[in-house]
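Student: Quick one: the structure is below, and I'll ask about it shortly.
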Amino acid sequence: MAELMFGLGQTKKKKESEQKVRTTKANLKDVKITETVETNVRADQFGREKAEKAARTETKKSLKDVLITDTVESDVRKDQHTREKKWAETGRQQKQNNTNFDMARALFN
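Numbers given in our numbering equal positions in the sequence shown, counted from 1, plus 4.
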């Protein structure tokens with residue numbers, strides 16, 4: 005009978021210790037995390053990144069509002085472009101003239 009009582013005592017102690025472990029785990033789950041050094045650093049980094057992105061976006065937006073006026077380079081390029089157009093048109097006209105060329109008449113004239 006003493007062995008039975010000893011076994012019941014052991015079971016009771018085991019149940020109490022398990023209950024204590026469960027209670028401790030439940031209490032540890034109810035932790036509310038407040039400010040830490042790490043969260044403050046991350047918040048600062050996020051703020052800096054956000055400000056830098058906003059500045060980059062603003063810069064891109066302001067660079068779009070550029071008024072391009074006539075420059076020496078654009079005038080030179082325009083002249084080159086018109087010269088190339090005239091040259092291409094002359095080439096097309098020459099091909100058209102060559103199709104109307106009659107070899108027989110050219111030899112006997």
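Backbone N, C-alpha and C fix where the C-beta goes; we use that ideal spot for every residue, glycine too.
1) So for N104, helix, strand or coil by DSSP?
2) Give every residue of the same chain whose Cβ lies closer than 7 Å to the Cβ of K17, excluding the five residues on either side of it in the sequence, and list them in chain order.
3) Rounded to a whole number of angstroms, what is the C-alpha to C-alpha distance between N101 and E62?
4) Express the C-alpha separation of V45 and A55 in angstroms, rounding to a whole number.
Tutor: According to the structure shown:
1) By one-based count along the sequence shown, residue 104 stands at place 100. Residue state, collapsed to three classes: coil.
2) The sequence position of residue 17 within the sequence shown is 13, counting from 1. Within the same chain, K17 has no close Cβ partners at all.
3) To locate residue 101, count along the sequence shown from 1; it is residue 97. To locate residue 62, count along the sequence shown from 1; it is residue 58. In a straight line, the C-alpha of N101 is about 58 Å away from that of E62.
4) For the purposes of this step, residue 55 is taken as residue 51 along the sequence shown, with counting starting at 1. For the purposes of this step, residue 45 is taken as residue 41 along the sequence shown, with counting starting at 1. The alpha-carbon atoms of A55 and V45 are separated by roughly 15 Å.
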